[in-house]
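Just below is one structure, and these are the notes that go with it.
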Amino acid sequence: MIRLALTIEYEGTRYHGFQYQVNAPTIQGELEKAIERLTGVRVRVKGAGRTDAGVHAEAQVVAFDTDSAHSTETFLGALNHYLPPDIAVRAAHIVAQDFDPRRHARSRSYRYSILNSRTPSPLARRFTCHIRETLNVDRMRSAAALFIGEHDFRKFAAPLPMGKTSSVRAVIDASVEYKDDVIAVWVTGNAFLQHQVRRMAGALVDVGRDRLSKDDLQVMIDNGVTDKVAHSLPAHGLCLVRVEYADYPPTL
Numbered sequence: 001m002i003r004l005a006l007t008i009e010y011e012g013t014r015y016h017g018f019q020y021q022v023n024a025p026t027i028q029g030e031l032e033k034a035i036e037r038l039t040g041v042r043v044r045v046k047g048a049g050r051t052d053a054g055v056h057a058e059a060q061v062v063a064f065d066t067d068s069a070h071s072t073e074t075f076l077g078a079l080n081h082y083l084p085p086d087i088a089v090r091a092a093h094i095v096a097q098d099f100d101p102r103r104h105a106r107s108r109s110y111r112y113s114i115l116n117s118r119t120p121s122p123l124a125r126r127f128t129c130h131i132r133e134t135l136n137v138d139r140m141r142s143a144a145a146l147f148i149g150e151h152d153f154r155k156f157a158a159p160l161p162m163g164k165t166s167s168v169r170a171v172i173d174a175s176v177e178y179k180d181d182v183i184a185v186w187v188t189g190n191a192f193l194q195h196q197v198r199r200m201a202g203a204l205v206d207v208g209r210d211r212l213s214k215d216d217l218q219v220m221i222d223n224g225v226t227d228k229v230a231h232s233l234p235a236h237g238l239c240l241v242r243v244e245y246a247d248y249p250p251t252l
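Numbering (our numbering), first residue to last: 1 to 252.
Have a look at this one:
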């Protein structure tokens, strides 16, 4: 028995998120079907992050156990043959038996993309959130730095699941880039709450619209008393870009 780790890329448009669901298409479900078609054995894969419905990924990491004698190159080619065209395996590696793509992740990096243009782009519509009014990018850049550090992000997340009490997360980096009418909000952290990055990006958009001040944002980050709300932007603008590990991909 070996543990195999895959780096996968996907367009999340037609999926109900990463996590397996009985009556809806998911990334995990498609991966498990492709593995079963190759090996003849049903497995359960573990992912680095449970991306929401409509969210994309450039480098999600998953792992599963198999007693198949197929090489990593065979897994790479065959899984891409069986997978639908909006999911692809970019790399396959044999990893340590205790490798856990979620628990062993040191950081996760997301990009939220905003098309800031008077007119929409049909070619970019699945990957960017279109906002017509001009946003103040310099103000957004300055405000993004406030997110860096360890904070209670409950004002930037969906309601916590029952029994999950901590909403404290560490943001390692947060920045805003602008090129060719696209504003990219980059966020790297140890882990994230559900909808956290989308609400962080939504708050920065309101700063760019001058509906939120930096002081307002700081109060929200400090979990202070305020009537201001971090609105969640649509899922299709979000992409999981990178997951960092101490020992993945493995070095030969």
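The C-beta atom is built at its ideal place from N, Cα and C for all residues, glycine as well.
Own chain, CB closer than 6 Å to residue i, minus 5 neighbours either side, in chain order
i	result
leucine 6	Val62, Val89, Ala92
threonine 72	Ala92
glutamine 196	Phe153, Phe156, Ala157
tyrosine 15	Pro25, Thr26, Ile27
First and last residue of the uninterrupted alpha helix (DSSP H) at residue i
i	result
arginine 198	196 to 208
tyrosine 110	Counting along the chain, tyrosine 110 falls outside any alpha helix (DSSP H), though it belongs to the beta strand (DSSP E) covering 107 to 116.
valine 243	First-last for valine 243: 238 to 244, but that is the beta strand (DSSP E), not the alpha helix (DSSP H).
tyrosine 248	Segment: none, tyrosine 248 is in no alpha helix (DSSP H) and carries neither H nor E.
alanine 230	Here alanine 230 belongs to no alpha helix (DSSP H), and DSSP marks it neither H nor E.
Helix, strand or coil at residue i according to DSSP, with G and I counted as helix
i	result
valine 185	strand
arginine 102	coil
leucine 4	strand
valine 219	helix
alanine 158	coil
histidine 81	helix
alanine 92	strand
alanine 235	helix
phenylalanine 192	coil
leucine 212	coil
phenylalanine 280	What the structure shows of the chain is the stretch from 1 to 252, and residue 280 is not part of that stretch, so it cannot be assessed.
threonine 72	helix
Per DSSP, the bridge partner or partners of residue i
i	result
isoleucine 87	Tyr10
Residue i - containing beta strand (DSSP E), residue span
i	result
tyrosine 178	168 to 179
Cβ neighbours of residue i in the same chain (closer than 7 Å, five flanking residues each side left out)
i	result
valine 241	Glu58, Ala59, Ser109, Tyr110, Arg111
Own chain residues within Cβ distance below 8 Å of residue i, not counting five before or after
i	result
valine 225	Val219
In chain order, which beta strand (DSSP E) runs of at least 3 residues are fully inside the segment 7 to 66? 56 to 66
Which ranges would you report for the beta strand (DSSP E) in the segment 120 to 151 if only whole runs of at least 3 residues count? 129 to 131
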